[in-house]
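Read the structure below first, then the notes.
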Amino acid sequence: MGEPRPKHIHTVVNGLNGRPTNLNNVETWANIPRIINNGAKAFAKIGTDGSKGTKIFSLVGKINNTGLVEVPMGITLREIVYDIGGGIPNKKKFKAVQTGGPSGGCIPEKLLDLPVDFDELTKVGSMMGSGGMIVMDQDTCMVDVAKYFIKFLTEESCGKCVPCREGLDRMLDILTDITEGKGKPGDVELMEELGTMIRETSLCALGRTSANPVLSTIAYFRKEYDAHIKDRKCPAHVCKSLITFSVDKENCNGCTKCAKVCPEGAATGAKKKVHKISQALCIKCGLCKDACKFDAIVVV
Ligand code: SF4
Ligand code: SF4
Ligand code: SF4
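What follows is the structure, encoded as structure tokens:
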């Protein structure tokens, strides 16, 4: 596996053949013809004081219009999500947007009017990074999201330095425990401590940014962590160990749909009779809830 090394002299100072060399990605190079043809001033007219020009984002997730979007620096998140992205499908509520790729932070609704540029995203605990923008709706569990990204990053870590290698593994253990109903008081504070240590002492940018998903979700969605740890509940009904499926007797008309789709034989009942779900057999796949047209499957 390739391992980063400390760079004391950068390529812009001493690169190819000992000459100053620009090593950039294609998106950055695509701006150069415009600057050469129209001049630096024309280019700098677009954007904010610290971030000039435009930026391409990959807009995905719970959003009506997905795809690559090129926007002027300084546009607000709200404009990207609602004017360009067309808002959240199925009349669901916006919950957060993660920017910058797997090690970006999750930005909550109260910061939707944030102007998008390098400095502003960093200030709120995220980053421009690779230009990813993942929109999440009300059905997203932010603890589960943090776990998902930390798992990805533990696999990406090259293992060269201890803070990133061991710190991320430890953080994943804690997040897994929390989503499985085994969270303990003090876990959140421990992850904050770990995250700060990883950020400050890792060798390369992967490690230095890797704690963003955890630190940002703790900062903006602390209540969800507390619900998992103290109440053993997943408010978004995502973490399987913390939810149960049952039948609402008032709403169930015995249509048998849930029993037909249940892969485990957990949902049972006679036609036109109230059905029931065996907690011992239920694997919490959610198929019965999707199938029931009468809002009779309750998840708590
Ligand atoms: S921070 Fe992580 S990815 Fe970077 S060198 Fe250290 S172990 Fe490798
Ligand atoms: S699908 Fe809904 S209404 Fe039909 S039997 Fe199951 S719970 Fe009752
Ligand atoms: S959640 Fe899945 S396994 Fe459980 S009762 Fe519904 S369909 Fe069956």
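Position 181 of the sequence shown, counting from 1, maps to 182 under the working numbering, and the rest follow consecutively.
We put the beta carbon where it would ideally sit given N, CA and C, even for glycine.
Residue i: beta carbon under 7 Å from a heavy atom of ligand 1?
i, result
"K161", "yes"
"S158", "yes"
"L207", "yes"
"L173", "no"
"E167", "no"
"S203", "yes"
"P5", "yes"
Let me check you understand the geometry: is the CB of residue i closer than 7 Å to at least one non-hydrogen atom of ligand 2?
i, result
"A268", "yes"
"I76", "no"
"K285", "no"
By DSSP, does residue i sit in helix, in strand, or in coil?
i, result
"S247", "strand"
"V300", "strand"
"S203", "coil"
"M192", "helix"
"V4", "The sequence as given places Glu at residue 4; Val does not occur at that position. Note: E4 maps to coil in three-state DSSP."
"V14", "coil"
"V27", "helix"
"T123", "helix"
"E80", "helix"
"C107", "strand"
"F295", "coil"
"S52", "coil"
"K277", "strand"
"G62", "strand"
Any heavy atom of ligand 3 closer than 7 Å to the beta-carbon of residue i?
i, result
"I47", "no"
"F95", "no"
"F246", "yes"
"V262", "yes"
"I278", "yes"
Give a single yes or no on whether residue i has its beta carbon closer than 7 Å to a heavy atom of ligand 4.
i, result
"G255", "The ligand content of the structure shown is limited to ligand 1, ligand 2 and ligand 3, which means ligand 4 is not among them."
In chain order, what residues of the same chain have a beta carbon less than 6 Å from the beta carbon of residue i, not counting five sequence neighbours either side?
i, result
"G3", "none"
"E302", "Any question about residue 302 goes unanswered here, given that the chain covers just 2 to 301."
"K161", "E4"
"C205", "P5"
"F95", "I89 and E110"
"T218", "C107, M143 and A147"
For residue i, I'd like the list of residues in its chain whose CB is within less than 8 Å of its CB, leaving aside the five on either flank, ordered along the chain.
i, result
"T67", "L60, V61 and G86"
"T12", "P21, T22, N23 and L24"
The alpha helix (DSSP H) spanning residue i covers which residue range?
i, result
"V144", "M143 to E157"
"S217", "N213 to Y221"
"L173", "V163 to T180"
"P34", "I33 to N39"
"A237", "Counting along the chain, A237 falls outside any alpha helix (DSSP H), and DSSP gives it neither H nor E."
"V262", "K258 to V262"
To which residues of the same chain is residue i closer than 7 Å at the C-beta, ignoring the five residues directly before and after it?
i, result
"G266", "L282"
"P236", "E225 and A228"
For my contact list, residue i and residue j are in at a C-beta cut-off of 8 Å; report their separation, rounded to the angstrom.
i, j, result
"T77", "L115", "6 Å"
"G75", "G106", "That belief does not hold up - the Cβ atoms of G75 and G106 are roughly 19 Å apart, past 8 Å."
"V215", "M192", "6 Å"
"V299", "S247", "5 Å"
"A268", "C289", "5 Å"
"K53", "A45", "5 Å"
"N254", "D296", "In fact, because the Cβ distance is near 11 Å, the residues do not count as touching under 8 Å."
"P73", "I47", "5 Å"
"S158", "L207", "7 Å"
By the DSSP assignment, the beta strand (DSSP E) with residue i in it spans what residues?
i, result
"M134", "G133 to D138"
"K96", "F95 to T100"
"L1", "For residue 1 there is no data in the structure shown, the boundaries of the chain being 2 and 301."
Mind checking if residue i is an interface residue toward chain B, Cβ cutoff 8 Å exclusive?
i, result
"H276", "The chain labelled as chain B is not found in the depicted structure, where only one protein chain is given."
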